[in-house]
Amino acid sequence: MNSFGERLQDCFRFSLNGKAPPLNSDVIVALEIYARWLSKGAPRGVKLTGAGYPKQDFKPQRSPDYTRGKEVYVNHCASCHGPDGAGQQIAGRNVFPPLWGSQSFNWGAGMHQLDNAAAFIKANMPLNLSSVLSDQEAWDVAMYMNAHERPQDPRYTGNVTTTRAKYHNTPMSLYGTIVNGWLLGSRPAQ
Numbered sequence: 003m004n005s006f007g008e009r010l011q012d013c014f015r016f017s018l019n020g021k022a023p024p025l026n027s028d029v030i031v032a033l034e035i036y037a038r039w040l041s042k043g044a045p046r047g048v049k050l051t052g053a054g055y056p057k058q059d060f061k062p063q064r065s066p067d068y069t070r071g072k073e074v075y076v077n078h079c080a081s082c083h084g085p086d087g088a089g090q091q092i093a094g095r096n097v098f099p100p101l102w103g104s105q106s107f108n109w110g111a112g113m114h115q116l117d118n119a120a121a122f123i124k125a126n127m128p129l130n131l132s133s134v135l136s137d138q139e140a141w142d143v144a145m146y147m148n149a150h151e152r153p154q155d156p157r158y159t160g161n162v163t164t165t166r167a168k169y170h171n172t173p174m175s176l177y178g179t180i181v182n183g184w185l186l187g188s189r190p191a192q
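First residue of the sequence shown? That's 3 in our numbering, and the numbers climb one at a time after it.
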C-alpha cells in the first residue's frame, strides 16, 4: 500500500510526466499539509458527495470507435485542446492541457485507461458544459484521445509487449495494441 506522499509522487511521475520530488521535500510536505487542511472536518472513511466522477456501470452501448471519437473531438474538444491535441498555452503556461503528444500525460497515467478517461470526460467536458456528450460519445472520444502517442510509461521495461503484459494487461489500455497500423507505445510522442 502506498502512502499519501507516494501517491503524490506518482502524480508527478505519471499524470504530470515529470520527476517526483523526494518524499520529505518541501513540495510533497506542503501538498500533504494542504490536503489535510482541505479535509478538516470531513468524515473519515466516507466518500464525500461530489467527489470523483461516476464510473460504476458506465459502459458504452457499442465498442468505442476511433472514427466516431474523432468527430466528437473535432466538434467538442478541438476548440480548447487544439486540432492536434497539443492544448493551449498563454505565456508558457497550459490553459488547456495537451491530450496527447510529447507534453501530455504519459502511458502510466490513469487517464490513459479508456474507462477513466470516458468517465472523466462525461462528468467534466466540455468545460462548463458537462453532460452535453452522450455516454457513447464520451467513450468514443476517449478512444480517439488515447489512440495517439504520448510519453513512455516510466516503468518501461525496454519492450512494449513486456511492459503491456506487466502494467497494461487490460482491455481498457490501448498501450501495446495496434491502432491505425502502429503499435502504441513503440515510437516517441511528437
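Ideal Cβ positions, reconstructed from N, Cα and C, are used throughout, including at glycine.
| Asked | Found |
| --- | --- |
| Shortest alpha-carbon distance to ALA88 belongs to which of VAL29, ALA44, ASN161 and PRO100? | PRO100 |
| Helix, strand or coil for PHE107? Go by DSSP, reduced to three states. | coil |
| Just to confirm before moving on: does the CB-CB distance between GLU139 and TRP102 stay below 8 Å? | no |
| Do ASN96 and ALA119 have their C-beta atoms closer together than 8 Å? | no |
| Applying the 10 Å Cβ sphere with the 16-neighbour rule, what's the burial state of TYR146? | buried |
| Looking only at its chain, what residues have a beta carbon closer than 7 Å to the beta carbon of LEU129, apart from the 5 residues adjacent to it on each side? | CYS82 |
| To the nearest angstrom, report how far apart TYR68 and TYR75 are at their CA atoms. | 10 Å |
| Name the DSSP beta bridge partners of ILE35, please? | Its beta-bridge partners do not exist; DSSP assigns none. |
| Out of VAL181, SER188, GLY187 and LEU186, point me to the one whose CA is closest to PRO66's CA. | VAL181 |
| Taking C-beta to C-beta, are ASN4 and ASN108 nearer than 8 Å? | no |
| With GLN91 as the anchor, note down where its beta strand (DSSP E) starts and where it stops. | 90-92 |
| Going by DSSP, which residues form a beta bridge with LEU185? | ILE180 |
| At 3 residues or longer, and completely inside the stretch 25-78: list those beta strand (DSSP E) runs for me, N to C. | none |
| Assuming the contact rule is C-beta atoms closer than 8 Å, GLY110 and ARG157 should be a hit. Round their C-beta distance to whole Å, please. | 6 Å |
| Using the beta-carbon count (16 or more within 10 Å), is LYS124 buried or exposed? | buried |
| Which residues does DSSP list as the beta-bridge partners of ARG95? | ILE92 |
| Starting from GLN115, follow its DSSP beta bridges and name the residues at the other end. | SER175 |
| Within the same chain, show all residues whose beta-carbon is closer than 8 Å to that of MET174, passing over the 5 residues directly before and after it, in chain order. | GLN115, LEU116, ASP117 and ASN118 |
| Residues in the same chain with beta-carbon distance under 8 Å from LEU135, minus the five sequence neighbours each way, listed in chain order, please. | VAL74, HIS78, ILE123, LYS124, MET127, PRO128 and VAL143 |
| Whole-angstrom Cβ separation of SER188 and PRO153, contact assumed at under 8 Å? | Not confirmed; about 13 Å, so no contact. |
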